[in-house]
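Participant: If you scroll down you'll find the structure; I have some questions about it.
Number of protein chains: 2
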Amino acid sequence: MADRIEPRLLKGFRDFLPPAQAARKDILHTLEKVFELRGFVPIDTPVLEYAEILLGKSGGETEKQVYRFFDQGERDIALRYDLTVPFARFMAQHMHELPLPFKRYHMDKVWRGEKPHKGRYREFMQCDFDLVGADTVSSDFEIMLTIYRSLKALHIDRFTVHVSHRGILSGLLADMGLGQKAADILRTIDKIHKIGEKEVAAQLEEYMPAAAVKRILELLHYKGGGSDIIANLTELMGKDPAPVRRLLDVLAFAGELGIAAHFKPDISITRGLDYYTGLVFETFLDDLPGIGSVCSGGRYDNLVSLFSKQTLSGVGASIGLDRLIAALDELALLPPVSVSPSLLVLRIDDDLTGYYHKLAEEFRDQGIAAEVYPEKKKLAAQFQAAEKKSIPFALVCGGREKSKDKISIKDVASRETFLEIDVSQAVSLIKQRLHTGQSS
Amino acid sequence: MADRIEPRLLKGFRDFLPPAQAARKDILHTLEKVFELRGFVPIDTPVLEYAEILLGKSGGETEKQVYRFFDQGERDIALRYDLTVPFARFMAQHMHELPLPFKRYHMDKVWRGEKPHKGRYREFMQCDFDLVGADTVSSDFEIMLTIYRSLKALHIDRFTVHVSHRGILSGLLADMGLGQKAADILRTIDKIHKIGEKEVAAQLEEYMPAAAVKRILELLHYKGGGSDIIANLTELMGKDPAPVRRLLDVLAFAGELGIAAHFKPDISITRGLDYYTGLVFETFLDDLPGIGSVCSGGRYDNLVSLFSKQTLSGVGASIGLDRLIAALDELALLPPVSVSPSLLVLRIDDDLTGYYHKLAEEFRDQGIAAEVYPEKKKLAAQFQAAEKKSIPFALVCGGREKSKDKISIKDVASRETFLEIDVSQAVSLIKQRLHTGQSS
């Protein structure tokens, strides 16, 4: 063909080859099990929605990044850029068909036309879980505990969930007569991990006197945990003790479950987004603090305000799967996932093709993944294929074996051969060797 | 908020509420297991690609249906409308990193702006599996066997895979001197199940004399299976016996595996698409023939011709998940999937919140899905919540039980209560009752 097209991907988009895709699927299955064990249930929403629905609430920054276009019917539509806005639309539409309080999880791709750079993609996965319909400390803690369980299930032990309550800083700012500018100030504080304390202090001085900046920075230093610090915090807070109370409670629950070491009060966590109103959290890996939060979330007053006159408060979090996988990879915590079957049925006689398929079925029926080598090749080449694909066992069967109802099995790595055995013996042998890890 | 947005979906798009989504996930997991047991491995490709790549090969009909637009960088891009074209691009790019022959599966959403009507959506799922790199009858049979195993795994017993070989009709047409018009004629024949034999005959007479039409229709009637019909077919075919040979071979293999009743030669199957060159198949449910094929596919000469000077032949099939689920639903074969946890920890004392979470964790550690009721409500209301969500067991624990390190369990359906037992006793009790199906 003369006019061939160069096979290539859009910048910021990725293919996943079998080992990488199998590892991703494995992680998703693990998280799915964690969520379902805790009563979260799955939902699905469309990738495409009316642009008005997806963009109604967001500011200019989001809008610029969204893949938005007119469809064949001249409808103004867009690809979802997160799983939260579609969830809000979903709840506004289906609230009355669902049991409230409601716990859902949703793990799927979202799209943002950001400048792609290391670890940032235009197509990426989010894993969201939320509990809506109950504004209680128990719900807040359930989300924190789910973050903890999710990371533990992925064999991550060294992580810390930084927790704050938006009300602490915004209460303080209101005290200072700065309630009007609270959103801007919180966004400035949110940048402290990126731009450093000095720069934040300089920017804050545009809003308030140096003494007030000092008081705020003092508060931001309360990260240590421990009851005396908490007591100081309560004193420092003044008028409305409820936000501090909520923060203290969830930390106490963590203590009761013996997992307090993984949770740390950190008033500098504000989450830039406007819709958070209560507890907020970000999760850092102790060994890779530089990659940023791998799981963030918080409590919002009303999920459905854009779409409904009803009120639905909730709390939730989102695991950034791509960032987390990159981290697991760097920490050598990505479990090796085999994408190969355990048995390759070699082809030594083309006339036995049907029989080879029948034999493979017998192994599959016993839970042993098997494939039939699909074309005629020298036996050495077929063995090589098994080695290259890390298939641990090969089955050899010619007319002579078939007439005796026997097969031979070869352990590909050790080259051991088991001649003329029954299928049932082969099944036991393979299961035992796979189980004891004697074969790779 | 004054300017509220009406929460609504685009036409042809769907939300999936937890029971429906859980059922879909369950089916996908089942298929995943079937594929992996047979040595198919997962890949992933982006939802968005250059329009040139997705549309290079397709005619006008597809183009009209594709969601295509310019991104922020003025690139001409589109949402994938199937999983085959992205797979072709993927193989052209990664062929040398992959072990050939290569078996992949890919199950995900695709988008087509078709007129939505009953059972047709603009966003829908495809489940593709292909074996590329070996043009052998063994590969053809492997795909047919995978279709068979997939439907069996979904508890469908009454189905028939109609099989033909494109070479049979096109060989006959070449014999008749109609090779040039073969593509148009095959597309006409492909419509026989929709428009009927009479109309097809009328349309064919535009291409050839009535006698030739008669000969073709005779061939189309060979659907019965059975060796005499096959013998006739060979005779009728004339010059090139290879296509008939291939068809006979796969049917013979099916016989050897004792599953011949599920496969039927049907020369009227041509698959409209131009890229099929060898065996072609469509799968019909015996009890719902009207819904059309639930799994179709075939062999293609060269998957990557559009993108590479190399040749990569293959064979594959695609399960139309939405159509299949609609069918399973209609046949009452959709297995009930519970989306509820097994245990609800009731809240009778807010001061025990941390303790309730700790108890729930103990059940989850034993594999029992549990949730903590997240807010203060009367006990009756909490029980009602358990009933409404079909949670079979409720845990009651107040200060008195806690001090004794005991809990009480209630079987929600039968109202039986087990007072002041240990967690370990409760775990055994629940497991036993869930296992024997004594509780719903």
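In order, the protein sequences belong to chains A and B.
Residue numbering for the first sequence follows my numbering, starting at 9 and increasing by one per position.
Residue numbering for the second sequence follows my numbering, starting at 9 and increasing by one per position.
Virtual Cβ for every residue (Gly too), placed ideally from N, Cα, C.
1. Counting only beta-carbon atoms, is I51 (chain A) nearer than 7 Å to chain B?
2. Between which residues of its own chain and M184 (chain B) is the CB-CB distance below 7 Å, once the five residues before and five after are set aside?
3. Determine whether the beta carbon atoms of H284 (chain B) and R174 (chain B) lie at a separation below 7 Å.
4. Within the 7 Å Cβ cut-off, does I13 (chain B) reach chain A?
5. Would you kindly report the start and end of the unbroken alpha helix (DSSP H) that includes M99 (chain A)?
6. Roughly how many whole angstroms lie between the Cα atoms of L256 (chain B) and L360 (chain A)?
7. By DSSP, does H163 (chain B) sit in helix, in strand, or in coil?
8. Does L314 (chain B) come within less than 7 Å of chain A when only Cβ atoms are used?
9. Closer than 8 Å by C-beta to L17 (chain A): which residues in its own chain qualify, once you throw out the five before and the five after it? Chain order, please.
10. Does Q392 (chain B) have its Cβ less than 7 Å from a Cβ in chain A?
11. Take I356 (chain A) and list the residues in its own chain whose beta-carbon comes closer than 8 Å to its own, dropping the five residues that flank it on each side.
12. What is the DSSP secondary structure of M133 (chain B), counted as helix, strand or coil?
13. What are the uninterrupted segments assigned as alpha helix (DSSP H) that are 4 or more residues long and contained completely in the region 171-241 of chain A, given in chain order?
14. Since H365 (chain B) meets chain A, which of its residues come closer than 9 Å, beta carbon to beta carbon?
15. Does chain A have any CB closer than 7 Å to the CB of D450 (chain B)?
16. Within 10 Å of its beta-carbon, does A335 (chain B) have 16 or more other beta-carbons around it, so buried, or fewer, so exposed?
17. Pick helix, strand or coil for P50 (chain A), following the three-state DSSP scheme.
18. Classify S346 (chain A) as helix, strand or coil using the three-state DSSP reduction.
19. Spatial neighbours of K410 (chain A) within its chain, please: C-beta separation below 8 Å, excluding the five flanking residues on both sides.
20. Does the beta carbon of V420 (chain A) come closer than 7 Å to any beta carbon on chain B?
21. Kindly say whether S448 (chain A), judged by its beta-carbon, lies nearer than 7 Å to any beta-carbon of chain B.
22. Which residues does DSSP pair with L56 (chain A) in a beta bridge?
23. According to DSSP, simplified to helix, strand and coil, what is R372 (chain B)?
24. Below 8 Å on the Cβ atoms is my guess for A378 (chain B) versus A368 (chain B); work out the distance and round it to an integer in Å.
25. For P27 (chain B), report the span of its beta strand (DSSP E) as first-last.
26. Out of B:L62, B:L45, B:V312, B:P273, which has the shortest C-alpha to C-alpha gap to I85 (chain B)?
27. If you reduce the DSSP assignment to three classes, tell me which class T285 (chain A) lands in.
28. Using the beta-carbon count (16 or more within 10 Å), is M9 (chain A) buried or exposed?
29. Relative to the C-alpha of E370 (chain B), which candidate in A:A31, A:S313, A:M99, A:L265 has its C-alpha closest?
30. Below 7 Å CB to CB, which residues in the same chain sit around S301 (chain A) once its five sequence neighbours on both sides are set aside?
31. So, F137 (chain A) versus F48 (chain A), is the Cβ gap smaller than 7 Å?
32. Could you check whether I277 (chain B) and V499 (chain B) sit closer than 7 Å to each other, using their CB atoms as the reference points?
33. What residue range does the beta strand (DSSP E) around G322 (chain B) cover?
34. Between L437 (chain A) and chain B, is there a C-beta pair that is closer than 7 Å?
35. Would you mind stating whether A451 (chain A) and A402 (chain A) have Cβ atoms separated by less than 7 Å?
36. Looking at the secondary structure, which residues open and close the beta strand (DSSP E) in which V431 (chain B) lies?
Facilitator: In short:
1. For this step, residue 51 (chain A) is matched to residue 43 along the first sequence. Yes, its Cβ sits closer than 7 Å to a Cβ of chain B.
2. Mapped onto the second sequence, residue 184 (chain B) falls at position 176. For M184 (chain B), where only same-chain residues beyond five positions count, the Cβ hits under 7 Å are M216, A220.
3. For this step, residue 284 (chain B) is matched to residue 276 along the second sequence. For this step, residue 174 (chain B) is matched to residue 166 along the second sequence. First, the amino acid is wrong: residue 284 (chain B) is Tyr here, not His. Yes. Within cutoff.
4. On the second sequence, residue 13 (chain B) is found 5 positions in, with the first residue counted as 1. By this cut-off, I13 (chain B) is an interface position.
5. Here the question's residue 99 (chain A) lines up with position 91 in the first sequence. Counting along the chain, the alpha helix (DSSP H) containing M99 (chain A) begins and ends at 92-102.
6. Residue numbering aside, residue 256 (chain B) sits at position 248 when the second sequence is read from its first letter. Residue numbering aside, residue 360 (chain A) sits at position 352 when the first sequence is read from its first letter. Taking the straight line from one Cα to the other gives about 15 Å.
7. Here residue 163 (chain B) refers to the residue found at position 155 of the second sequence. Reduced to three states, the DSSP call for H163 (chain B) is coil.
8. Taking the first residue of the second sequence as position 1, residue 314 (chain B) is located at position 306. Closer than 7 Å: yes.
9. Sequence index remark: in the first sequence, residue 17 (chain A) carries index 9 (1-based). Closer than 8 Å at Cβ, skipping near neighbours: D23.
10. Counting from 1 along the second sequence, the entry for residue 392 (chain B) is found at position 384. Not one chain A Cβ lies under 7 Å of Q392 (chain B).
11. Taking the first residue of the first sequence as 1, we reach residue 356 (chain A) at position 348. So the list reads L387, V404, C405, G406, once near-sequence residues are dropped.
12. Numbered from 1 along the second sequence, position 125 holds the residue referred to as residue 133 (chain B). Strand, per DSSP.
13. Taking 4 residues as the shortest admissible run, the region 171-241 of chain A contains the following complete alpha helix (DSSP H) segments, listed from N- to C-terminal end: 174-183, 190-198, 200-203, 205-212, 218-228.
14. The count along the second sequence starts at 1 and reaches residue 365 (chain B) at position 357. Here the neighbours are S146, F149, E150, L153, F261, E264, L265.
15. With chain B represented from 9 up to 448, any question about residue 450 (chain B) goes unanswered, as that position is not in the structure.
16. For the purposes of this step, residue 335 (chain B) is identified with residue 327 of the second sequence, where counting begins at 1. It counts as buried.
17. Taking the first residue of the first sequence as 1, we reach residue 50 (chain A) at position 42. Three-state DSSP puts P50 (chain A) in a strand.
18. Within the first sequence, residue 346 (chain A) is the residue found at index 338, counting from 1. Coil at S346 (chain A), not helix or strand.
19. Locating residue 410 (chain A) in the first sequence gives position 402, counting from the first residue. Answer for K410 (chain A): L360, Y363, listed in chain order.
20. In the first sequence, counting from the first residue as 1, residue 420 (chain A) sits at position 412. No, because no Cβ of chain B sits closer than 7 Å to the Cβ of V420 (chain A).
21. The residue you call residue 448 (chain A) lines up with position 440 of the first sequence. Residue confidence for S448 (chain A) is low, a pLDDT of 45 falling below 50, so the modelled location carries little weight and cannot support an answer.
22. For the purposes of this step, residue 56 (chain A) is taken as residue 48 along the first sequence, with counting starting at 1. According to DSSP, L56 (chain A) bridges with A:L87.
23. Here residue 372 (chain B) refers to the residue found at position 364 of the second sequence. Three-state result, R372 (chain B): helix.
24. Counted from its first residue, the second sequence places residue 378 (chain B) at position 370. Counted from its first residue, the second sequence places residue 368 (chain B) at position 360. Under the criterion of beta carbons closer than 8 Å, A378 (chain B) and A368 (chain B) qualify as touching, at roughly 4 Å.
25. Against the second sequence, residue 27 (chain B) aligns to sequence position 19. Looking at the DSSP string, P27 (chain B) is not in any beta strand (DSSP E); the run it does join, the alpha helix (DSSP H), is 26-45.
26. On the second sequence, position 77 is the one that residue 85 (chain B) refers to. That would be B:L62, whose Cα lies nearest to the Cα of I85 (chain B).
27. For the purposes of this step, residue 285 (chain A) is taken as residue 277 along the first sequence, with counting starting at 1. DSSP places T285 (chain A) in strand when its eight states are reduced to three.
28. Taking the first residue of the first sequence as 1, we reach residue 9 (chain A) at position 1. Only weak support is given to the placement of M9 (chain A): the predicted model assigns it a pLDDT of 45, under 50, and the value that follows is read from those uncertain coordinates. The residue is exposed, with fewer than 16 neighbouring Cβ atoms inside 10 Å.
29. Taking the first residue of the second sequence as 1, we reach residue 370 (chain B) at position 362. The shortest C-alpha separation from E370 (chain B) is found at A:L265.
30. Within the first sequence, the letter at position 293 stands for residue 301 (chain A). So the list reads E290, T291, F292, once near-sequence residues are dropped.
31. Indexing the first sequence from 1 puts residue 137 (chain A) at position 129. Indexing the first sequence from 1 puts residue 48 (chain A) at position 40. Taking 7 Å as the Cβ cut-off, F137 (chain A) and F48 (chain A) qualify as a contacting pair.
32. Outside the displayed span of chain B (9 to 448) sits residue 499 (chain B), for which this structure offers no information.
33. The residue you call residue 322 (chain B) lines up with position 314 of the second sequence. That run of the beta strand (DSSP E) goes 322-328.
34. The count along the first sequence starts at 1 and reaches residue 437 (chain A) at position 429. Taking Cβ atoms only, chain B never reaches closer than 7 Å to L437 (chain A), which makes this a no.
35. With chain A running from 9 to 448 in the structure shown, residue 451 (chain A) is simply not present.
36. Locating residue 431 (chain B) in the second sequence gives position 423, counting from the first residue. Here V431 (chain B) belongs to no beta strand (DSSP E); instead the alpha helix (DSSP H) covers 431-444.
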